[in-house]
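Heads up, the thing below is written out as structure tokens.
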Amino acid sequence: DLTPGPVNVRDFETAARDRLDPAHYDYFASGAQDELTVAANEAAFRRRMLVPRVLRGGGPPRLETTVLGTPAAMPVLLAPTAFHRLAWPEGEPATARAAASAGVIMIAAMLSTVSIEDIAATGATLWFQLYPQPDMAFTESLVRRAEAAGCRALVVTVDSPALGRNERGDRNGFHDLPPDLHCANMREGGHVRQVVLSPHISWADIGRLRSMTTLPLLLKGVLHPLDARLAVEHGVDGIIVSNHGGRQLDTAAASLDRLPAVAEAVAGRVPLLLDGGVRRGTDVVKALALGATAVAVGRPVLWGLATAGEAGVSRVLSLLRTELENALTLCGATGPGEVTRDELGGILA
Ligand code: FNR
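Okay, so the sequence shown: first residue is 4 according to my numbering, each after it adds one.
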């Protein structure tokens, strides 16, 4: 029962914390080491203030957008997050149905607890997130499965040449899925492959992936403008400015703080997305103003899922939608494309 229920994303986190096994809550909530980057992501949004325009008379904003050819009801995607069955018994298909009802893009994680085929069976609009595996034949088989399942873009996570150091996990002794759950995409015949996060991953692998698929290719986890430039030179179609929600390199810069420099380096050649710390409609406006075409949300979706399954994710997405619509209206913008740094819509102080 959601009445009176959570009225914002923060309330959903509280509700999720009440429902989840504490070790599982910690898995979702935590970041690396001192969790300074987790805090910095949200603090960066809190620090930036909007300067709205008035009397523009544009009427209610339209939130629809298109990201790399995929239409979406709003510029908010579901970031790829592992292990949804830890949050809710049905797992990823519940999340996917909520995404489909909201008309938004779900980036399905390679480390999902339900296979990409079974997630796609919900009819949701999917992109597929990949950790390239040293076994290139296996990596290619994942790409082919994602294509066959109808995924409309490939998101390659590049901030994970090793796993970040998670101390809450150490304290809780939580490092792996419980025996009744597994990474369904890693299953081959009778066994489940171990995922490899390899420090050997390089631009050569991006070149290989580029020639492997005609799907739009995005790199997720870029913070440095020179890497953004290299990405464009390697034929990448989009960049997700991200520090993995503060779960990889602790003290990595806040995503929002890195967005202007990356936007300057890319100079409009490919669309930019941002994730990390987006909790409010005004956060979306700030990211758009600093150069993002869209944002993605990780933990907010998990809090909705853990609280009430599909209904909880739906509610989180509708809260964000309502907040974004309100923020755009109050900024004097008639749509996401109108929010820029210097004129029209929200302007940052
Ligand atoms: C993640 N993230 C992530 N990213 C990725 O590329 N592959 C993955 O398997 C996962 N798994 C994962 C699990 C959990 C529990 C979290 C919280 C995050 C990172 C995710 O895509 C995204 O970058 C962050 O979650 C964004 O930050 P917020 O919105 O959670 O603050």
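We treat Cβ as the ideally placed atom computed from N, Cα and C, and that holds for glycine.
Given the structure is predicted, the values throughout are model-derived calculations rather than measurements.
Measure the alpha-carbon distance for residue i versus residue j and round it to whole angstroms.
{"i": "Ala124", "j": "Leu293", "result": "36 angstroms"}
{"i": "Trp91", "j": "Arg283", "result": "24 angstroms"}
{"i": "Leu233", "j": "Val269", "result": "10 angstroms"}
{"i": "Leu114", "j": "Gly172", "result": "18 angstroms"}
{"i": "Leu212", "j": "Arg13", "result": "38 angstroms"}
{"i": "Phe31", "j": "Leu305", "result": "7 angstroms"}
{"i": "Val239", "j": "Pro7", "result": "45 angstroms"}
{"i": "Arg190", "j": "Thr332", "result": "47 angstroms"}
{"i": "Val10", "j": "Gly193", "result": "45 angstroms"}
{"i": "Gly301", "j": "Ile122", "result": "17 angstroms"}
{"i": "Pro218", "j": "Ala103", "result": "In the sequence as presented, Pro is not what sits at residue 218; that position holds Leu. Cα to Cα, Leu218 sits roughly 21 angstroms from Ala103."}
{"i": "Leu71", "j": "Val79", "result": "14 angstroms"}
{"i": "Thr216", "j": "Thr160", "result": "16 angstroms"}
{"i": "Asn329", "j": "Phe86", "result": "33 angstroms"}
{"i": "Thr116", "j": "Pro182", "result": "12 angstroms"}
Is DSSP giving residue i helix, strand or coil here?
{"i": "Leu347", "result": "Below a pLDDT of 50, predicted positions are generally treated as unreliable, and Leu347, at 43, falls in that range; the measurement from the model is reported next regardless. Correct three-state label for Leu347: coil."}
{"i": "Trp130", "result": "strand"}
{"i": "Val100", "result": "Going by the sequence as given, residue 100 is Arg instead of Val. Arg100: helix per DSSP, three-state reduction."}
{"i": "Val12", "result": "helix"}
{"i": "His185", "result": "coil"}
{"i": "Glu67", "result": "coil"}
{"i": "Gly312", "result": "helix"}
{"i": "Glu191", "result": "strand"}
{"i": "Met52", "result": "coil"}
{"i": "Asp278", "result": "strand"}
{"i": "Ile122", "result": "helix"}
{"i": "Ile110", "result": "strand"}
{"i": "Val265", "result": "helix"}
{"i": "Thr337", "result": "coil"}
{"i": "Val41", "result": "helix"}
{"i": "Gly241", "result": "strand"}
Quick check: does the Cβ of residue i come within less than 8 angstroms of any heavy atom belonging to ligand 1?
{"i": "Ile110", "result": "yes"}
{"i": "Ala97", "result": "no"}
{"i": "His178", "result": "no"}
{"i": "Arg88", "result": "no"}
{"i": "Tyr30", "result": "yes"}
{"i": "His185", "result": "no"}
{"i": "Ser205", "result": "no"}
{"i": "Leu114", "result": "yes"}
{"i": "Asn175", "result": "no"}
{"i": "Ser118", "result": "no"}
{"i": "Asp278", "result": "yes"}
{"i": "Ser1", "result": "This structure leaves residue 1 out entirely; the chain is present only between 4 and 352."}
{"i": "Leu305", "result": "yes"}
{"i": "Asn11", "result": "no"}
{"i": "Ala85", "result": "yes"}
{"i": "Lys223", "result": "yes"}
{"i": "Asn44", "result": "yes"}
{"i": "Ser163", "result": "yes"}
{"i": "Thr160", "result": "yes"}
{"i": "Arg147", "result": "no"}
{"i": "Val300", "result": "yes"}
{"i": "Ser201", "result": "no"}
{"i": "Ala82", "result": "yes"}
{"i": "Gln136", "result": "no"}
{"i": "Gln132", "result": "yes"}
{"i": "Arg171", "result": "no"}
{"i": "Gly8", "result": "no"}
{"i": "Arg250", "result": "yes"}
{"i": "Ser245", "result": "yes"}
Return the Cβ separation of residue i and residue j in integer angstroms, given the expectation that the two are a contact with Cβ distance under 8 angstroms.
{"i": "Trp206", "j": "His247", "result": "That belief does not hold up - the Cβ atoms of Trp206 and His247 are roughly 19 angstroms apart, past 8 angstroms."}
{"i": "Phe48", "j": "Lys289", "result": "6 angstroms"}
{"i": "Gly241", "j": "Val273", "result": "5 angstroms"}
{"i": "Ile119", "j": "Ala152", "result": "5 angstroms"}
{"i": "Asp278", "j": "Ala127", "result": "Not really, about 18 angstroms apart at Cβ, beyond 8 angstroms."}
{"i": "Gly312", "j": "Glu95", "result": "Actually they are not in contact, since the Cβ atoms of Gly312 and Glu95 sit about 11 angstroms apart, beyond 8 angstroms."}
{"i": "Leu276", "j": "Ala257", "result": "Rounded, the Cβ-Cβ distance is 15 angstroms, inconsistent with contact."}
{"i": "Arg65", "j": "Thr337", "result": "7 angstroms"}
Ordered along the chain, which non-local residues of its own chain (more than five positions away) have a Cβ less than 6 angstroms from that of residue i?
{"i": "Leu39", "result": "Asp253, Thr254"}
{"i": "Asp29", "result": "Arg171, Asn175"}
{"i": "Leu347", "result": "In this prediction, Leu347 scores a pLDDT of 43, lower than 50, which makes its location untrustworthy; the coordinate-derived value is nonetheless stated afterwards. So the list reads Glu341, once near-sequence residues are dropped."}
{"i": "Ala99", "result": "Met109, Ile122, Thr125, Ala127"}
{"i": "Arg56", "result": "Gly335"}
Looking at residue i and ligand 2, is the gap between the Cβ and the nearest heavy atom below 8 angstroms?
{"i": "Asn188", "result": "As for ligand 2, it is missing from this structure, which binds only ligand 1."}
Please list, in chain order, all residues of the same chain as residue i whose beta carbon is under 7 angstroms from its beta carbon, the five residues on each side excluded.
{"i": "Glu170", "result": "Gln36"}
{"i": "Ser201", "result": "Pro137, Pro164"}
{"i": "Ala352", "result": "In this predicted model, Ala352 has a pLDDT of only 40, less than 50, meaning its place in the structure is not dependable enough to derive any value."}
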